[in-house]
Structure formats: C-alpha cells, structure tokens
Amino acid sequence: VYLDNGQQEILIEEINDSKSGWRSRSEIKVSDFLTPNSNMYLKIVAADQGNVHIYEAGIDAFSVTDSQTTGISNQANKNTARIYPNPFNSIVQLESASGSFDAIEIFDLYGKKIWSMNMSSATRKSVDLDFLLPGLYLVHLKSKNISIAVNKIIKSDR
55 VYLDNGQQEI
65 LIEEINDSKS
75 GWRSRSEIKV
85 SDFLTPNSNM
95 YLKIVAADQG
105 NVHIYEAGID
115 AFSVTDSQTT
125 GISNQANKNT
135 ARIYPNPFNS
145 IVQLESASGS
155 FDAIEIFDLY
165 GKKIWSMNMS
175 SATRKSVDLD
185 FLLPGLYLVH
195 LKSKNISIAV
205 NKIIKSDR
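Under the working numbering, think of the first position of the sequence shown as 55, with each following residue one higher.
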C-alpha cells in the first residue's frame with residue numbers, strides 16, 4: 055500500500071500473507087507519512103508469491119477521513135458566507151461577505167460531490183435544494199475556481 059502526494063511516494067504498509075481470509079482493519083493517518091495536499095492518492099499493488107501465479111486482493115469498507123473530507127483548502131473555512139434558513143426544507147439563500155461567487159458545489163459528508171452549478175458572478179443567490187435527502191451537507195462557494203467559503207447546511211425532513 056503506497057501513499058503519494060504528487061511529490062513523493064511512500065510505502066505505508068506491506069502485507070506478505072499467503073493465507074486466505076480476512077485481516078484485521080488498518081487505519082492510516084495521512085499526515086503521519088506525508089504532508090497532505092490536493093494531489094493525494096493511494097496505490098494498492100497485489101502480486102503473486104513465487105511460481106503460483108494466482109493472487110487476489112480484496113478491500114472492504116475503504117474510507118478516507120483525514121482532516122479535509124472534500125479537499126477544500128483551509129483558506130475557504132473562514133465561513134465568509136451566510137446561508138439561511140439553516141436547517142432548510144427546500145430553498146436556501148446564499149450570501150457572500152467576501153465578494154462575488156460564480157460556482158456552488160454541494161458535497162455529502164463522504165466528500166462526494168452531489169450537485170454543482172456554474173452561474174454569472176453574484177454576491178447573493180437563491181437555490182432550490184428540495185431534491186436533497188434529509189441530512190448534513192457542505193456548501194462550497196467558488197469564484198474563478200478559488201474557494202471563498204465552505205459552510206455546513208442541514209436539510210430537514212420537514
């Protein structure tokens with residue numbers, strides 16, 4: 055198992071197990087090995103031992119949970135936006151205190167982008183998010199591909 059930040063690749067775990075079966079869970083803190091950045095990736099290599107030429111690798115319940123789930127820089131975490139009402143049912147008002155924004159992205163708590171919208175530059179926007187399931191989300195406002203704000207929002211179940 056290798057971890058790479060785009061500048062350096064490091065072997066973080068090596069498993070030489072010829073027995074079939076489940077292994078115990080592994081947890082890896084990225085910052086213990088490399089300085090996290092937006093170019094991170096994990097590489098898993100499986101290979102046979104000797105002349106057997108039969109190998110298999112399985113990964114179950116893989117997740118990434120280091121400090122920034124969505125890869126959004128800390129610069130954006132100044133919460134220079136006001137989002138209301140929060141919790142909301144369908145429509146939210148987005149207002150930026152630090153200038154205009156031209157893109158909105160919504161992520162679930164696993165860091166998966168659920169929805170995005172590009173628009174004309176504005177400091178205020180009303181958005182209908184009725185399609186979201188009840189839960190907690192991250193709203194990311196951007197201006198010319200630069201983060202200007204990240205806020206948590208809660209979609210209520212009415």
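A virtual CB, placed ideally from N, CA and C, is assigned to each residue, including glycine.
DSSP places Val181 within a strand segment (E or B) once states are collapsed to three. Straight-line spacing of the CA atoms in Lys206 and Val193 works out to 6 Å.
Annotated three-state conformation of Asp58 is strand, per DSSP. For Ser80, the CB contacts under 7 Å within the same chain, skipping 5 residues up- and downstream, are Glu67 in chain order. In this structure, DSSP gives Val99 a state outside helix and strand, which the three-state scheme calls coil.
Note on geometry: alpha-carbon atoms of Asp102 and Asn91 lie some 33 Å from one another.
Shown here for Ser152: same chain residues with a beta carbon closer than 6 Å to its own, the five before and five after excluded, namely Thr134 and Ile202 in chain order.
Around the Cβ of Glu110, a 10 Å sphere holds fewer than 16 other Cβ atoms; the residue is exposed.
Ile208 places its beta carbon 9 Å or farther from that of Leu195. Judged by their CB atoms, Asn105 and Gln61 are not nearer to each other than the 9 Å cut-off. Bridge partners of Phe155 according to DSSP: Ala176. Thr177 and Asp184 have their C-alpha atoms some 22 Å from each other. With 16 or more neighbouring CB atoms inside 10 Å of its own CB, Leu148 falls in the buried class.
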